[in-house]
Each structure stands twice: as structure tokens, then as C-alpha cells.
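Chains as they are written, first to last, in my numbering: chain A, 77 to 586; chain B, 2 to 307; chain C, 793 to 1113. Where a beta carbon is used, it is the ideal one built from N, C-alpha and C, also for glycine.
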Amino acid sequence: MTVASALALRAIRKSFGGVQALDGATLVVERGSVHGLVGQNGAGKSTLIKILAGIHHADAGVIEVDGVKQTALTPSKSERLGIHFIHQDRLLAPSLTVAEALLLGHEPRWPGTPFINRRRLERQATEALRRAFDIALPARALVRELSNAEQQIVQITRALLNQPKILVFDEPTTALVRREADFLFQAIRRFRAEGLTVLYISHYLNEIRDLCDEVTVVRNGRDVARVDARSTPTTRLVSLMIDRSVDQLFPARAPRFGEIGLEVVALTLEGVFRDVSLGARKGEILGVTGLVGSGAKGLAQALFGLARPTSGEIRVGGAAVRAKTPRAAVAAGIALVPEDRRRHGVALGLSVRENTTLASLGRFRRFGFLAARREVAAVDGLIARLSIHTPNAETPVRALSGGNQQKVALAKWLIKGSEVIVLDEPTVGVDVAAKADIYREIAELAANGAAVVLVSSDLMEVQGLADRTLVFFRGAVVADLETHQLDQDRLLTLVTTGRDDRETHVKAAE
Amino acid sequence: MSAYARFGLPAALIVLIALFALTTPTFLTLANLKSIAVNHFAILALASLAMTLVVSAGGIDLSVGTAIDMAALAYIVILQQGGAPALAILGAVAGAGLVGLFNAGLIGGLALPPFLATLGTLFIGQSVQQLATNGGVPIYLIAGAPRPIFALIDASRLWLVGLAIVGVGALLTASVFGRRIVAGGVGPAVAFYSGVPVRRDIGKVMILAALIAGVAGVVLSSSVRSYAPLSGNGYLMDAIGATFLGTTFSRWGRANVAGTLLGVLLLSVVKNGLLLTGVSFYWQQVASGVVIFLVLALSFVSRREG
Amino acid sequence: MSKPRNRLAAALRLGAYLAFAAIVVAFALAAPGFLKLGNLLNVLQQSAILGLLAFGLTVVVIGGGGDVVTGGIDLSVAANLGLSAAIYATIIQRGYPDALAVVACLAAGLAVGALNAVAVTVLRIVPLLATLAVANIVSGLEFVLTQNSVVTASSPLLSWLADNGPLAIPVMAYALILVTLIAWPAVQATPSGLRLQAVGAHREAARAAGLPVTAYVAGSYLVSGLLSALAGILSAAYLTGSSPGSSETLLSVVVAALLGVVFSPRLTPTIGGAALAALFIGLLNNGFQLVNISSYWVSGVEGALILFVVACTPAQREALS
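In C-alpha cells:
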């Protein structure tokens, strides 16, 4: 008799407005196991999870929980089936105590009265925490006073109180230090011993191998392998994750490098990255990559005046820059195309024209007034050059597709003509056609003499576009190489383990 | 903003005018129309234009009445003490400017939310006025000596409004500063990330708005030849109402000069029409309050769909 | 555990208590009659109305998230009070019994609360503007009812409320204590109160926990309306009728609610904090009177207090975020 799997998603297809996010993906999780799910950004992991959570509905495919077919999953249905999610955002009310947050909605009362029995509340909370994690967190501490790891413990314990059958962890260790991560793993092993099924999604391949029984690798919207975790080396996982198909996405380049445009000397941002030094020449595209929490993002923030470095120096064109605000950074010649397009990149309620000229209004100034015709001409020119699909320049940016919105964000700095342009995840959520246009423009930016810093977790993008690549891992630069010296395997290994491919091979051979 | 929703405001205005014209014979007379234009309209229009400026920048100014009153206070007191009219006007500018500077410091400097900051200003201004007038006693000018300045201001009332309309309108639609503050209002984070000095700009806006309100204060006290403490506050709610009424007229749902003017007209017509039909003064406030409420509802509902 | 955040919060609270004590001492020294029992009871009586209003506003702010601007707020409490008092006085003046007046008041208060609730949860108007607009309408209605004049009224209930009760303590003081004793545990010690706090503190988390968020927000406005009506009845008793100008108390209420945050252990709005804040303002007003500082300074001082609290809270909020 075959035991039904705890969870089976078979041949799932899902598309979002023309973009095929999942193209026949299958995930089968055996009961009482810890199952890892890995894949690059955009491979389809989070879409799969959202379908499981009932947030999206699959276009095609079958979902079975404990062998029973499920149709039309909703968040509450998913929960009733015993599937609980530990999301990256903690979802705990900050001003509640640990005990209150744990038992919100199930508060014990003094019998016959409407009042909460505080003693029992705290006792139950302490009990639950001890049982789940063998930890003694003060039940009266406020959630906002807890560290990230402690909040996560509360979050997990709350889920456990619901007697879940399946726990889904979504990137749980990004904000944890080694010691806290180990603590979490011990707990997960305990849960497995008690019969719980765990689905564990993570970028950290070492952890996956340490913790999981099986691993499913997702690539380009499909599952490409389901392997035993412990016996599969990291390098094999890595090569499964990479898409080796050749895309005509990237423009041919014949880069010519000038003098140093951007220089960073021993830059440290407390808690984010330490002792970073780099040089980007004019005409060069410098790729900066790393996982969330590796410090790559932090570098972009520090360059643009959004975070003040603790020590070190930033130089543009040889002159030291001490930008405390974006305004100062812009004045010093630095531009940023930010990661969060909708919140920081383009104002959805402003028109294409208003967005495009927002950083360079001075150029169109005539006695305090806007030289309307000049502005219109400049914007129309950019719309044509970037192939921005919009009815006209007066359309609110809200009405544009993600790719075209990003083009507007890029156009803003193209008009400005900054010497250093930092791009933070420039093509996330952008369709393929727009990606190609954007890559072409980035190359054009460099060709026109800017020093381009490309911060991206999309390794294909970094590989295809950057001349040099910096790899960040847990706050430090672990590699600074010409991109052609890196193949994708080596790059991915560096990114996910912080160690160079060759070393791993050497270790395996020992 | 759908095309139909946009023309709701002018349509409502036309409907109301027609309604009052039919039910009250005296409504459409020249004398009455003049009284609408001249009495309430000018001051409310100026106050509303000031409010439009602040709302465009993403804030709200609860102390616009305070600026009106401070200007009026300085103006009348200087005249009463025998000062030259030019000096009195300068004093009015200073009075209103002080309120604006205070707001600018709180909102631009300390980054306090505009609502709370101007609420604080409103009540501090209340104290100041009560103390200056020993509990709210109005300051009347001796009826004896005729003051040519009053006649001048009275006569040029509508010109002043016209000037303000052109000024604020041009600022918001055609100037670099205007573009910056609108961007700061619609997308403050994006503007910040684009190097726009959002906080400094909103500080300047608060000062400018207070100065426009100061003009209203001079017009007000010139027409009643006195200064009555806290009388400026009466215009606050209607200024807010007119400005938000006006946002329904814009394609983008933004505060705009034309829409605000239509809003001011609407509210003035409602008040005047109800007065003529014999409705008591107090029902007028309820009526205009209900109109404001319905407009807010419309504005927020259509904003969600937009 | 983050000790620095904890310490800053504790420091702020300590500072607030010290300020309270300092003011009491300063007035005690400046005005000989300040600390007399009779005077303090007077203060209690005078703070009752402000206290009730502040409780209503606090409930709304708790449910809407502590940020006064983007979260929940009810600016119609003062206008509601005025209308309530006007309704009560008018009914009594026309010769009807207390019972009818009380029912009418409470019904009116609830109706205003319901209007606010609809405006905020159904029409999705920002609470700031919604309650401001409702306040405008309600105060207009008050004007209509009273013709902007004083409406005197006296009735058995009103007289009793304005009088001293057992132990020579004013009935209104008892009323304040009673409502505090009911509201405080209701908000801080019942599941509903806790869930209201959760809704305000983190709406997404509350929703994820399965709480009916909209119902709680709407309910908070109804409670506020009810408390405003009660305050209106007390006001009618205190002034033997209704008198125009109730909207001036709005600032004091907002100050009380904001100040209440600084007096509370978690630096969130609480009933206890609001009660202390109402007393603080009552003592301030009383002290001013006794020391013969003109009452015209009052709104200025309160305005400065608002600005001070708001200026401190971003720092506190930043430290806590």
C-alpha cells in the first residue's frame, strides 16, 4: 500500500498577463520529510508557493493534500487543511506582548467573566515556547523588543499551536546569524521527528543539504529534478538551477574603458557590509551580486546617500563624495534606478513626461518656468529611443506595464546624464522584450561614458552584461573578477556559499 | 477620473444656479450676483487658493484662518495707531508671513505631519489673538476719518483674486517649482529618490500659502473696517471643501485652481441661494457641510477606481 | 532583546511623569489653594467631560493604528458633544422627561458614530477628512437646534449630576472614575480589547490571525460616538444647559489622547494614559485659574504641548521601528 504524499502539486501551469510563470511544474512532498525547494529568482518558486497558499489559482494542474484532490484553494482553506506558512515578514503586532501575540484570537479567560486570564495566558505561552523550541522567552516582553530570530520563533510557535500538518518555510534564514540558524534547524529536525512535514525554500544551498531529505529544483517555471539532498553535491544542484539556453537578450558590446569614474575605498556600513573597495571605470559595467542580506543592496544604498557609511570613502571622478541624501548624491553625479519601482522608481500618479524630467528639471528651466516645448521634445525623443509603449507622454505611469514603467525610471537618469549610474535589480518583473531594450540602454549608458554599477541577483543578467563582477556574501566581497573568468556554476556557488567553486571541488576530493 | 465624474462639479453648479433662479426671483439679479462675487467669494477664493497650493504639495493647512487673522490684526492695529497704509500692508505681510514661517519650521524643518503641525499653529494663534485683544474683543477703527486705502482695496478685491488665480495657476501648471511640489505631493518618496528637496519645498509652500491668506486678511478687514479675532477660522472648512471639490474636476484627481474656483462658486451659490430662499443661517452650514461630505465621498471612491 | 529601545521608551515615560509632578509642585507653590481636597475634587469634576471624550478618541486611535495622521482619528467628538448637550437641553426645555432625553442623546451619539464608521470603512475616506467633515455637519446641526444661543435646562438628572454625591465628592468625579473603571479593563484586559489593539498595531497581522478588521474599526467609531453623547449629558449638567463653542474643546481632547501615549507603559494609546492626560490638562487649567494666568494662554499652551508630543514621537517611533 502506497502512503499518500503529504502534498502533491502536479503539472501546474500559471501565467500572468502573457508571462508564463509556471509551465508544468510538479512538486511532491512525502509525509514526515523535510523537502527543499530551490531555484533562481524568477524560476517560479514563489508563484508555486502562492498557489499552494491559495493566493493565486493555477491555470492548469492538480493539487492533492494527503492524497485528496483540492479545487479552488483559498488562504483559509489552505489553513484548515493544516498547511501553515512562515513568511519572511513576521506578521506580528509590534506592541503586543509575546504571550498576547502567540494566543491572539484564542485568549484564555477567567471562567464566567469577559476578562483575559493573564496568568494562564503567560503560562500557556511559556509552555508552548518550551515545547516547540525548548527556549524561555519572557512572555511579557513586547514583540518589538525581540530580535528578528526571536520574533521568528514566536511566529513559528504560533503556527505550531494550530497543530499543522505541513509547515512551509519561505527563506527563513535571511535575517539570522549562524547560531540562530542552527537553532532553527535543530527545531525543524525535532518537528520532523514528531511527524510534521516541512517544505523549506531557501537560496542557501549548504543549508538545504544539511537539513533536507529531498530537494526539488525549479527552473524556468518547471521542475527539473527531484533529488536526494544529502547525496547530491552543491555543484550538481547549481548546474541544475542554471538555464544554459542562450538568449539573444544581451547586446554585443565593444567596451572602451576610460579613467576611474567611481571609486570606493574601505567602505563599511555597520551591520551590512565591511571593508569594501572597488573601482568602476568610465564605460564599464560593474556587476555586483549576492543574496539578500549579503550587503550588495547595502552598497547601492550607501552610494546614493540612503545609508550613511560608518567609515571609508566614496569618490566620483576623483573627488570625495559625502552624500547624506539622494539630493546630494545626484548633485555629486550619482544616479540610482531603485529596486522598488512602484514606490521609489516612478510616481504612478504622475505622467510619463513628469516622471522622466523629474531629476533634470533644471535643464528645462527658463526664468523659473518650464520650457514646455523643449521638455516635450526631449521626452518624446526618449520615448522613441527606449521604445516605451505608451499612448502618449501625458499618460499616467500607472497605466503602463512593468517593463515600460522601468523604462521610464531609466529614462529619468538618461536625460540627467549622471557620471555614475547604479541600477538595483533593473529587470525584476519585466517581460523579455522590455528586458532586451533595457539591456541595450544600459550598454548605451556605459558607451556614453558613465560608470555603471549593476546590482542584481539575476546571475544571467550579471553574466550577460557586466564587464567585471563583485560577489558579496554575508557582508564581505568574496570575489572581484572579470566576468569572462566566471562561468555560471562558479558564480552561483560563490553567491550561495561564499566559496569559490574550485575550493569546493578540492574539498570534495579530500 | 472618468469623463462624467469630472463634469459633475460644473454640472452641479449649473443645476443649483438654475434651481435658485427658478425658486427665488431675486437670485439672478445683478445686485445679488455682485454680492455673491464680492462679499464671501473673494476671501474664500483667496483662502481656497492658499489651501490648493498646500494640498497640491501633499499637505493640508488648518492654520489658513490664523494667517488671515494675523494679517488683519497687524493691518488694523497699525492703521489704528496712525500708521501709513503702506506700512499697514507691510505689517499684514509680516503677520501672515510669521504664521507661514512657523509652519515651515514645523513641517519642513522638524518634519512634523502637516495636519498636526498646522493644528498646533491654529491653537497657538488662537491664544495669541485672545491675549492681544483681551478675550476676543474686536478692534474697530474710528469711523470718523475716511480711509482711502479701504476703498482702494474694496474696489480692487476681484483684481486681487484674479492676480492670485493667475499666480497660483501659473505656479502649479507651468513653473519648475510647481512641478516639484506636485511631484512631492503625488509621490514624495519618488521625488526624494530623484533628488527633489521635498521638505524644503513644502516649507516654502507653507509660507507662500500663508502670504496669500494674508491678502485675504487685508481684504476682509478692509471691507468690515475692523479686525474681529478668529473670524478667519470660519473660512477653513469651506476652503478645504472647495479644494477637494475641485479635485474632482481634474483629470488626475489633483488639487487645481480651476476646480477650486468652481468649488468656491458652488459653496457661495449654495449659501447665497439658501439665504435668499429664507433658510436660516445655521442650516446653511449643515447644507454646505453635507455637500462637502458628499464630494469627499465621490472623490475618494473615484480615486480608488482610478 | 533590544535594551536601547526599551530604555528610550522608559526614559520618555519617566520624563512625562516628572513633568506631571513638576507642574503639580509648581502650582502648589504658586497657588496656596491648589492642593486642597476641595480644589482637587473640583479638578476631577472638570476633567470628567474631557476624560470621556478622550476615551472615545483613544479607542478610535487604538483601533486605527497609533499614527494620528494616516491611522484612525475622530475629530467629531467635540461637535458630537455639543450636539448631544443641545439635544438634551432642548428636550428638557420642552418639558419632556430625563429618560427620553437620555435615550435621544445616546441615539444621536451612536448615529454620528455610525456616520463616521460608514465614511471610513465603506466610503474609505481618510479618517482625518471624514471625521472633520462630519464634525462640520454635526456642529451645523447643533447651531440649528440652538440658534447659536445658550439653551438653559434643568432637570432632576441634570441637577443630580452637577451636584455633590456621597462623601461630598462631585457626582461627575464618580462618573469619571466609574467610566475609567469600566473602560480601562474593557480595553486592556478583555480579548476584544486586545484584538482591537492588534488591529491597530498591524492590520495585516490581525487579518492573518483571522480577526474581522473592518468590524473592529467601525465599532471603535460607534464607541466614540456613544462616549461623546455621555460627555454631552455631563456637559449639559455642568453648564445647566448647552452653550455654543464646544468645538474649542477639540484641541484639548486631541492633546489628551496624544499625551496619553507618553503616560502609558508600552507608549501606545491607552485608557489609563488618556485618563492621566485628561487629569494633567485639568490640573493645568485649574492651576492657571488659581494663579490668575489668563485662560487665553490655555489654548496656546495646549498647542505647544501637541507640537512637543508630536515632535518627540517621531524620534520615539524611529527608535522603536
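Using a Cβ cut-off of 7 Å, pull out every chain C residue sitting near residue i, in sequence order please.
i                 : result
Ala103 of chain A : Reading off the sequence shown, one finds Leu at residue 103 of chain A, where the question assumed Ala. Within chain C, no residue comes near Leu103 of chain A; the closest Cβ sits about 24 Å away, beyond 7 Å.
Pro190 of chain A : Thr982
Ile125 of chain B : Gly1092, Gly1095, Ala1096
Pro414 of chain A : None at all; the shortest Cβ gap to chain C is about 20 Å.
Just to make sure I have the definition right: I need the residues of chain A whose C-beta is within less than 7 Å of the C-beta of residue i. Which are they?
i                  : result
Gly1002 of chain C : Gly181
Arg1058 of chain C : Ser171, Leu218
Ala1186 of chain C : For residue 1186 of chain C there is no data in the structure shown, the boundaries of chain C being 793 and 1113.
Ala214 of chain B  : Near Ala214 of chain B there are no residues of chain A at all, since even the closest Cβ is about 23 Å away, more than 7 Å.
Using a Cβ-Cβ cutoff of less than 7 Å, which residues in the same chain neighbour residue i once the five nearest sequence positions on both sides are dropped?
i                  : result
Glu495 of chain A  : Gly337, Val392, Gly393, Gly409, Ala526, Ala527
Met793 of chain C  : Residue confidence is low: Met793 of chain C scores 38 on pLDDT, short of 50, so the model does not pin down where it sits. No coordinate-derived value is stated.
Ser1091 of chain C : Leu1043
Ala585 of chain A  : Since pLDDT at Ala585 of chain A reaches only 35, below the 50 mark, its modelled position is unreliable, and the value read off the structure follows with that caveat. Here the set comprises nothing.
State yes or no: is the beta carbon of residue i nearer than 9 Å to at least one beta carbon in chain C?
i                 : result
Phe294 of chain B : yes
Leu218 of chain A : yes
Ala118 of chain B : yes
Leu205 of chain A : no
Asp165 of chain A : yes
Ile242 of chain A : no
Leaving aside the five residues before and after residue i along the sequence, list all residues of the same chain whose C-beta is less than 8 Å from its C-beta, in chain order.
i                 : result
Phe509 of chain A : What sits at residue 509 of chain A in the sequence shown is Ala, not Phe. For Ala509 of chain A, where only same-chain residues beyond five positions count, the Cβ hits under 8 Å are Gly479.
Val322 of chain A : The predicted position of Val322 of chain A is uncertain, since its pLDDT is 44 and thus under 50; a value taken from the coordinates is nonetheless stated next. So the list is empty, once near-sequence residues are dropped.
Asn831 of chain C : Gly825, Asn1078, Leu1082
Go ahead and pull the three-state DSSP assignment for residue i.
i                  : result
Val554 of chain A  : strand
Ser1034 of chain C : strand
Ser427 of chain A  : strand
Ile18 of chain B   : helix
Ser227 of chain B  : strand
Val322 of chain A  : The predicted position of Val322 of chain A is uncertain, since its pLDDT is 44 and thus under 50; no value can be drawn from it.
Tyr809 of chain C  : helix
Could you pull the start and end residues of the beta strand (DSSP E) that residue i belongs to?
i                 : result
Lys35 of chain B  : Here Lys35 of chain B belongs to no beta strand (DSSP E); instead the alpha helix (DSSP H) covers 31-36.
Ile497 of chain A : 496-500
Gln96 of chain A  : 95-105
Ile390 of chain A : 387-392
Phe161 of chain A : 159-162
For residue i, go through chain A and note every residue whose CB falls closer than 8 Å to its CB, in chain order.
i                 : result
Ser198 of chain B : Note on residue identity: the sequence assigns Pro, not Ser, to residue 198 of chain B. Within chain A, the residues near Pro198 of chain B are Arg403.
Does chain B have any CB closer than 9 Å to the CB of residue i?
i                  : result
Leu986 of chain C  : no
Ile1025 of chain C : no
Thr292 of chain A  : no
Arg566 of chain A  : no
Gly932 of chain C  : yes
Glu430 of chain A  : yes
Could you confirm whether any beta carbon from chain A is found closer than 9 Å to the beta carbon of residue i?
i                 : result
Gly188 of chain B : yes
Thr850 of chain C : no
Val177 of chain B : yes
Pro977 of chain C : yes
Going by DSSP, what residue range makes up the alpha helix (DSSP H) through residue i?
i                 : result
Phe259 of chain A : 254-269
Thr202 of chain A : 194-209
Ser171 of chain A : It is not in any alpha helix (DSSP H) - Ser171 of chain A carries neither H nor E in the DSSP assignment.
Gln885 of chain C : 869-885
Glu537 of chain A : 535-541
Which chain B residues are close to residue i, counting only those with a beta carbon under 7 Å from its beta carbon?
i                 : result
Phe333 of chain A : Residues of chain B passing the Cβ test: none, with the nearest at roughly 27 Å.
Val406 of chain A : Gly196
Given that residue i touches chain B, what residues does it touch there, using C-beta distances under 9 Å?
i                 : result
Ala376 of chain A : The contacting residues do not exist; Ala376 of chain A stays about 12 Å from chain B at best.
Could you tell me which chain C residues have their CB closer than 8 Å to the CB of residue i, listed as they occur along the chain?
i                 : result
Leu168 of chain A : His994, Ala997
Val129 of chain B : Gly1092
With a threshold of 8 Å, establish whether the CB of residue i neighbours any heavy atom of the ligand ADP.
i                 : result
Ala171 of chain B : Inclusion of the ligand ADP in the displayed structure is not the case, the ligand content being empty and no account of it being possible.
For residue i, which residues from the same chain have a beta carbon less than 6 Å from its beta carbon, with the 5 sequence-adjacent residues on both sides left out?
i                 : result
Leu907 of chain C : Val926
Ser204 of chain B : Note that residue 204 of chain B corresponds to Gly in the displayed sequence, not to Ser. Excluding positions up to five away in sequence, the list reads Ala105, Gly109.
Val291 of chain B : none
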